[in-house]
Ligand code: PEP
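Residue numbers (this note's numbering): 44 to 302.
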């Protein structure tokens, strides 16, 4: 059985003080959750990583970053390397988020370099894929998913692919309040899993964790995560408050455990 994974993408929100407060609230909220039943990951801004790492040390919460550069070090002003993320306490890193594709020229090629660098250093990449509204309406959803997956994961070994997480995030559902229906989410997740079976092996596909992301809230978390190929959620807006994120985790956990 695949272990569910729910991650909070804090985007460009929270000062260090606010991040510490939120992490403390979540640590209290998740106190009784068994770490072997679910991976809970917080992805704050770079400036808060070390402080959040300190708060969640010895807890059942894990730390992730929102991006990474592919070089270990060097004259790359403004970038942060996988070595530095590990040093700050990260175990995960979001790569290829649609906001990075949209505003910061992220391409399949840069996603691929980042994914390779992350796995080389033992970080678990959360690789984001998903179509825009125009692409969905033009019937190109599967083409986009195939392009993002085959491009973003190009050249990775089966072993490397088996360690990463995919986040299916339809761009039209991110931060818009519009959620994909559970049927739409399941359809896309099944397509991704079938594609992984074709590109790699049935075993790799069967073990691949695929999160859904796009306006996940406490109200829709259970229905989405009940879908057989949905293994968790990548949560933006609703991860910025302890009560809503903890409710999503509780409902998601119940939805997966019930199956
Ligand atoms: C995200 O940032 O990955 C995301 C899914 O955002 P939201 O939950 O706010 O739509």
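Note that beta-carbon positions come from the ideal geometry of N, C-alpha and C, so glycine has one too.
In terms of DSSP beta bridges, what is residue i paired with?
i, result
"residue 86", "52"
"residue 252", "208"
"residue 298", "Answer is none; residue 298 lacks a bridge partner."
"residue 278", "51"
"residue 105", "84"
"residue 136", "108 and 168"
Quick one: what's got a C-beta closer than 6 angstroms to residue i's C-beta in the same chain, skipping five residues either side?
i, result
"residue 115", "124 and 126"
"residue 157", "111, 113 and 138"
"residue 251", "239"
"residue 154", "138, 139 and 195"
Less than 8 angstroms between the CB atoms is what I'm expecting for residue i and residue j, so what's the real figure, rounded?
i, j, result
"residue 95", "residue 106", "6 angstroms"
"residue 195", "residue 139", "6 angstroms"
"residue 173", "residue 230", "No, residue 173 and residue 230 are not in contact; Cβ-Cβ is about 13 angstroms, not under 8 angstroms."
Which same chain residues, not among the five before or five after residue i, have their C-beta less than 7 angstroms away from its C-beta?
i, result
"residue 119", "112"
"residue 280", "218"
"residue 70", "98, 99, 102 and 104"
"residue 285", "65, 68, 69 and 72"
"residue 184", "174, 178 and 231"
Mind checking which residues open and close the alpha helix (DSSP H) that includes residue i?
i, result
"residue 169", "Premise fails: residue 169 lies in the beta strand (DSSP E), 167 to 172, not in any alpha helix (DSSP H)."
"residue 68", "59 to 72"
"residue 146", "141 to 146"
"residue 234", "225 to 242"
"residue 96", "92 to 99"
"residue 195", "184 to 195"
Below 8 angstroms CB to CB, which residues in the same chain sit around residue i once its five sequence neighbours on both sides are set aside?
i, result
"residue 77", "103"
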